[in-house]
Structure formats: C-alpha cells, structure tokens
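*Asks:*
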Amino acid sequence: MSGLSRRDFVKASAAVIAAAGISGCAGGLSLNINKQQEQVILPKSGKRVVVLGGGWGGLTAAKYIKLCDPSIEVVIVERLDNFVSCPMSNLVLSGLRTIQEITFTYDSLSKNYGIKIIKTEATGLDAAAKQLHTAAGRIEYDKLIVSPGVEFMYEKIEGWSKSAEDVFPHAYKAGRQTILLREQLVNLKNGENVLLTVPLAPYRCPPGPYERACQIAFYLKNNKKGSKLIVIDGNEDIASKGKLFHAAWDDYYKDVIEYVPDTVVKGVDVKSRTVKTTNGDFRGGVANIIPDMKAGLFAYKAGLLPETERWVKVNSFTLESQALKDVFVLGDSTHAGTVGPVPKSGFVANSMGKVAAAAVVSQLNGREPLKPNLVNTCYSMVNDREAIFISGVYDYDESTKLITSRGGGLSPARSELYAKHADDWALSIWSDILT
C-alpha cells in the first residue's frame, strides 16, 4: 500500500465508524425465521455469486471474483455494520491500539467493484433450489461461498454460557468483547490476578492466546502493581512459536506470568469468579476464557456438517463442500483433514478466499479450476516494540489430494524490525481485503 500511512488508511476506511458504532467480527448468526413468509429479493438476471460472511475469507472472495470477471454479480450477506480485525486486536487490550484503528466499513467494496452488500442475517439454505434464506428474504445464487467463522462450545464448560461472556469475556471475536476485556483490565485492582485460558488445539489463530498473554502481562507490569497473569493451557505446551514465547516470558515477564500447562477448564462459577480445572480451582479479578471452538452456527443450519462433528469437510482443490454442490466453505470452519495441515488464521482465510474466487469464476465460465496454493504469515507482538513470526507456503499435492506445506518457518528471534513488518503486513492485508 505504497504512500499510504496508517493514519490515512484508517481515516479513509473508517470515517463513519464513530457514527455507526462497534459491533464485532463476523460470527454467530441468528437462525429464527419463518421461511414461509420469505420473498425472493434481488431477482437474478445473470451469473451470480452470493458470499455469506464479511470476514477475512468472504470479503477477499467477493473482491477477487469481481477482479477476475467483472460481469459476475456478487452479493455479500453480512449482519454487522463494520469489519473488525481479529489480528491486531490483542494490542487493544494493552492500549497499543484503539478499537477504531482496527475497524473499517465495507464502503470501498461497493464503490470500487459494484459489489452489493445486504445487511441481514442468514437463516437457512435450500441448496437444491440454490437459494439462501435470510431475514430480508430469499436470495438466488449460482454459487454460494460461506465463511461462517467459529462458534464456542459452551457445553464443554459447566456453568459457562453466552450470557456468562460478560463476566468471563473470550474477546476472540473482536469488537464489543475486546472493549469489555480492556475495560476489565483497566478496572483491575493492584494485586489482583488475571486468568487466561487456552483451549485444546485446533482453534482459531494458534499463537493468538500467547500473544495475548504477552500484551496483558505488558499492561500489568506497567500499570497494576503486584498483579499476575495465570495462563491455564489445555495443551501440553505452547501450541505455536513455543520457544520464542518462552524466551520472551523469561526475559520480560518472569515475575508476571505463571504458566500452567496441560490443564483443561471443566467449569466456572460466575458468582465467585472461579475457574475450575483438571489441576484445581483458580480465582482472579479478571478471567479471560477462550473455550473450545467449532464451525460457525450457520454451517450446521445449512447442513454442511452433522451436529456430531466440529469442522466442515471440503474438496481441497476448490474448497467446495463435500456435502452440498456449488457451496464453497472458507476459513476457520474448514476441516484440516480434508484441506491439509494449514493453520486457522486470517491470512489463510484470505488465501482461501482467492482460491475459491478462482475456482468459482472458472466453473461459471466453463473452465477447469487452477491448482490452489496458500500462504500464511502470523506476527505476534511480545511487548510494545518487538515481534516474532511464523510463516508457511502451501500448495496442492497430487499424491495426497491435500494442500501441503512447501516451506516456511519461525523468526530466528524477536525484533523491533519484525514489529514494523507486522504493522506493514496489517496495513497491506487490510487494503487487499477492503479497498
């Protein structure tokens, strides 16, 4: 994004944020609607792709379909007013960023590419009739791209529920929950502890909880005398960038972070703010519970997977659903066993959006889809000035029929230069998705 500063980008992309309000990342969908009362809206007159979900994968797919073939009508269905970036949201917790700096409108996609955006909730799917049901009515499609995000498995933690999120915020869908957790940290009394729980892999953004630990510890060290962060990890050790995170914790947060691995959250007591685990009970002034995850609710409502499974199975070459023809699934909801060993990250969702866009355009024009490839880079800030990263390059393996790693690796150490790279990466990928 040559010549465009962060101040200019944020100003240009988020000019109406303050007026519109903050509502969060694309995620859970309300599913209660009487389909008998729905009417067809936007009657289809030519080739059309409908994209459900205005997140990293969905927005990328919508834009790149129009770049590949401007004649295809593209309709995005999204219930939220704004895009809030989950990557970089941990920095809001420490005060290094504001929520406004990671929040953007969808205006440029409409203005620059003629993409139609319908602000409504998806309620069901008639795959045979090729109609997406929404609260605004039924929308016809030739191809449907679904990027449903993740849902939290409330049932796995006794006493925890959606209503308990205001007491034990997850802040793993950026927006209101991010603001809430930040406020809880600011209001924490000196000497009170913070609890952070990490779910068993797989989950969205493997390094995310550990970057969050760094940012919370940085805030406590500088603002809350005597307070500690207790990291309760369901995994045997740090799930991503372990050596680099351990080094940062040892060097900067030895007296702040207490790490408790191989410990699974079993239940919570909202009244006493107690977290019950396989390794005893923990109490803190703030408890940030990141629970186990599964595919977003709409994936189940649409019949993309049974209730007994967590992730949507797809064709790794095109990302078309194995269950429903002409329905493509992107991002964190996809099943690694059918895609290949790629992480659930924003950058991977962005890559998947381009793969699906190319496949859809090829199919609508009677061509064979191109061989897919994906890229991933994930930066993690370990304090206010240094970052670490992990990267990967992936392409399709004919022998396994999966998308397979072809290279990548960890940063050799933490660095101020990598922090600058992280900032540049965010500006670049936000521009790629949104402008």
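Residues in the sequence shown are numbered consecutively from 3, following my numbering. Think of the CB as a built atom: it goes at the ideal place given N, C-alpha and C, for glycine as much as any other residue.
At the level of alpha carbons, what is the spacing between Ala-389 and Leu-187?
*Replies:* Counting from 1 along the sequence shown, the entry for residue 389 is found at position 387. Counting from 1 along the sequence shown, the entry for residue 187 is found at position 185. Near 22 Å, if we compare the C-alpha coordinates of Leu-187 and Ala-389.
*Asks:* Once you ignore the five residues that flank Ala-166 on each side, which residues in its own chain have a CB closer than 8 Å to its CB?
*Replies:* Position 164 of the sequence shown, counting from 1, holds the residue named residue 166. The residues are Val-270 and Val-272.
*Asks:* So, with DSSP's three-state summary, where would you put Asp-168?
*Replies:* The sequence position of residue 168 within the sequence shown is 166, counting from 1. In this structure, Asp-168 counts as helix in the three-state DSSP scheme.
*Asks:* What does the Cβ neighbour count give for Asn-36, buried or exposed, with the cut at 16 atoms within 10 Å?
*Replies:* As a working note, residue 36 is residue 34 in the sequence shown. At Asn-36, the pLDDT of 48 sits below 50, so the modelled position is not reliable; the number obtained from the coordinates is stated separately. That one is exposed.
*Asks:* Roughly how far, in whole angstroms, is the beta-carbon of Leu-111 from the beta-carbon of Lys-175, given that I think they are within contact range, below 8 Å?
*Replies:* Position 109 of the sequence shown, counting from 1, holds the residue named residue 111. Position 173 of the sequence shown, counting from 1, holds the residue named residue 175. Wrong, their Cβ atoms sit about 21 Å apart, outside the cutoff.
*Asks:* Among residues of its own chain, excluding the 5 on either side of His-423, which ones have a beta-carbon nearer than 8 Å to its beta-carbon?
*Replies:* As a position in the sequence shown, residue 423 is number 421, starting the count at 1. Once the five neighbours on either side are set aside, the close Cβ partners of His-423 are Tyr-381, Ala-389 and Phe-391.
*Asks:* Can you pull the DSSP bridge partners for Val-314?
*Replies:* Against the sequence shown, residue 314 aligns to sequence position 312. Answer is Thr-336.
*Asks:* Could you compute how far the alpha carbon of Cys-216 sits from the alpha carbon of Asn-385?
*Replies:* Sequence index remark: in the sequence shown, residue 216 carries index 214 (1-based). Sequence index remark: in the sequence shown, residue 385 carries index 383 (1-based). C-alpha separation (whole angstroms): 6 Å.
*Asks:* Check for me: the beta strand (DSSP E) holding Phe-330 runs from which residue to which?
*Replies:* Indexing the sequence shown from 1 puts residue 330 at position 328. Taken as a continuous stretch (DSSP letters only), the beta strand (DSSP E) holding Phe-330 covers 329–331.
*Asks:* Under three-state DSSP, which class holds Ser-364?
*Replies:* Taking the sequence shown and counting its residues from 1, one reaches residue 364 at position 362. Three-state DSSP puts Ser-364 in a helix.
*Asks:* For Val-377, which residues does DSSP report across the bridge?
*Replies:* Position 375 of the sequence shown, counted from the first residue, corresponds to residue 377. According to DSSP, which records beta bridges pairwise, Val-377 is partnered with Val-395.
*Asks:* Considering only C-alpha positions, which residue in the set Val-51, Asn-84 and Gln-41 is nearest to Gly-57?
*Replies:* By 1-based counting over the sequence shown, the position of residue 57 is 55. If we check each option's Cα against that of Gly-57, Asn-84 comes out closest.
*Asks:* Is Lys-373 buried or exposed, if buried means 16 or more other CB atoms sit within 10 Å of its CB?
*Replies:* Indexing the sequence shown from 1 puts residue 373 at position 371. When all chains shown are included, Lys-373 counts as exposed.
*Asks:* Assess, as a yes-or-no matter, whether the segment 153–161 is touched by the segment 294–303 under the definition of 3 or more beta carbon pairs within less than 8 Å.
*Replies:* Output reads yes: the segment 153–161 touches the segment 294–303.
*Asks:* So is Ala-219 buried or exposed if we call it buried at 16+ other beta carbons inside 10 Å?
*Replies:* Locating residue 219 in the sequence shown gives position 217, where the first residue counts as 1. So Ala-219 ends up on the buried side.
*Asks:* Please classify Asp-253 as buried or exposed, where buried requires at least 16 other C-beta atoms within 10 Å of its C-beta.
*Replies:* The residue you call residue 253 lines up with position 251 of the sequence shown. Label assigned to Asp-253: exposed.
*Asks:* Please give the ranges of any beta strand (DSSP E) in the segment 174–227, keeping only runs that are unbroken, at least 3 residues long and fully inside the region.
*Replies:* If we require 3 residues or more, the beta strand (DSSP E) runs fully inside the segment 174–227 come out as 196–200.
*Asks:* Hey, quick one: how far does the alpha helix (DSSP H) through Thr-62 stretch, first residue to last?
*Replies:* One-based indexing of the sequence shown puts residue 62 at position 60. Counting along the chain, the alpha helix (DSSP H) containing Thr-62 begins and ends at 58–70.
*Asks:* Would Ala-301 and Val-79 qualify as a contact pair, given that the criterion is a beta-carbon distance under 8 Å?
*Replies:* Reading the sequence shown from its first residue, position 299 is the one you call residue 301. Reading the sequence shown from its first residue, position 77 is the one you call residue 79. No.
*Asks:* Are Val-266 and Ile-232 closer than 8 Å when you measure CB to CB?
*Replies:* Indexing the sequence shown from 1 puts residue 266 at position 264. Indexing the sequence shown from 1 puts residue 232 at position 230. Not closer than 8 Å, so no.
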